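In our numbering, the protein residues as written are 97 to 356. We put the beta carbon where it would ideally sit given N, CA and C, even for glycine. None of the values given here were measured: they were computed from a predicted structure. Below is one structure, written out as structure tokens, with a few remarks after it.
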């Protein structure tokens, strides 16, 4: 996504947040409330290109375990991603699943340990592997399964003097309303605002993810951002006062996903 557009909308988001923060607490909470925590386990691998076809077969073989976990309520979603914008020494593939409890995540992981799924040949060929566990209290999705869709992700880092509830304020007043409109219009299938539940990165980081219904959904999201700027021609240093933008990164993934 265009970095200049994201910078501009980020400033818009922050200034609007400041304005909304001046409203009574009851007026703010009436719009968006945080949801019960949703946890997501993600395994990342850097797979040699010669093994990509075998990795796709491995992902298909995991489907039985994951579908069963969705059916019995252990999971609320799962999926696989292939990185579309490759970086040196960065993962090429990931597999993830989401649950309303940490126990749900780990119970599914144990199933893969027992079945030998964690030591399959494609995974053993990986030149780099790491895991992450995220938690979100701001999320929504369409029910269903999709293949060949795209996921856009962004990472941000708050400055040391940012308000302790900065992510909550941004989510309640800005991110969620923006993404809910795109979800209602069918432009995206899912969105979430994440932080790490198990901190393996900087605890001041947060993450925005959205899954577009088709490739042109990426353009539609960009258009929605531009329209938001035109409708609200605000400018200022608000976002820069809270976020260290030098730590910001984007990534684009080709995805398969199932949501209950």
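Scanning its chain for C-beta atoms nearer than 6 Å, with the 5 sequence neighbours on each side dropped, one finds around residue 176 the residues 155, 191, 352, in chain order. Counting along the chain, no beta strand (DSSP E) covers residue 208; the unbroken alpha helix (DSSP H) around it starts and ends at 198-211. Taken atom to atom, the span from the alpha-carbon of residue 312 to that of residue 276 is near 18 Å.
Contact between residue 230 and residue 291 is confirmed by a C-beta separation of about 7 Å, below the 8 Å threshold.
One thing to note: residue 338 has its Cβ within 9 Å of the Cβ of residue 254. Counted as a single uninterrupted DSSP element, the stretch harbouring residue 262 is not any beta strand (DSSP E) but the alpha helix (DSSP H) occupying residues 262-266. Residue 302 holds the alpha-carbon nearest to the alpha-carbon of residue 271 among 258, 246, 302, 257.
Membership of residue 195 in the beta strand (DSSP E) is indicated by the continuous run 189-195. Contact between the region 153-168 and the region 221-235 is not established, with fewer than three Cβ pairs separated by less than 8 Å. When only Cα atoms are considered, residue 247 and residue 350 end up about 6 Å apart.
The region 155-181 is shown to contain whole beta strand (DSSP E) runs of 3 or more residues at 173-179, in chain order. Look at residue 319 here: in three-state DSSP terms it is helix.
If you draw a straight line from the Cα of residue 189 to the Cα of residue 142, it is about 6 Å long. Excluding residues up to 5 positions away in sequence, 253, 255 lie with their Cβ nearer than 7 Å to the Cβ of residue 340 in the same chain.
A direct Cα-Cα distance of roughly 17 Å separates residue 299 from residue 133.
Between the alpha carbons of residue 181 and residue 348 lies a distance of about 6 Å. Within 10 angstroms of the beta-carbon of residue 168 lie fewer than 16 other beta-carbons, which makes it exposed. A distance below 6 Å between beta-carbons, with the five flanking residues on each side excluded, links residue 153 to no residue of its chain. In this structure, DSSP gives residue 138 an extended state, which the three-state scheme calls strand. For residue 280, the enclosing alpha helix (DSSP H) stretches over residues 272-280.
Looking at the DSSP output, residue 314 sits in no beta bridge, so it has no partner there.
C-alpha of residue 316 to C-alpha of residue 183: approximately 26 Å in a straight line. Nearest to residue 136 by C-alpha distance, out of 259, 146, 199, is 199. The three-state secondary structure of residue 342, taken from DSSP, is helix.
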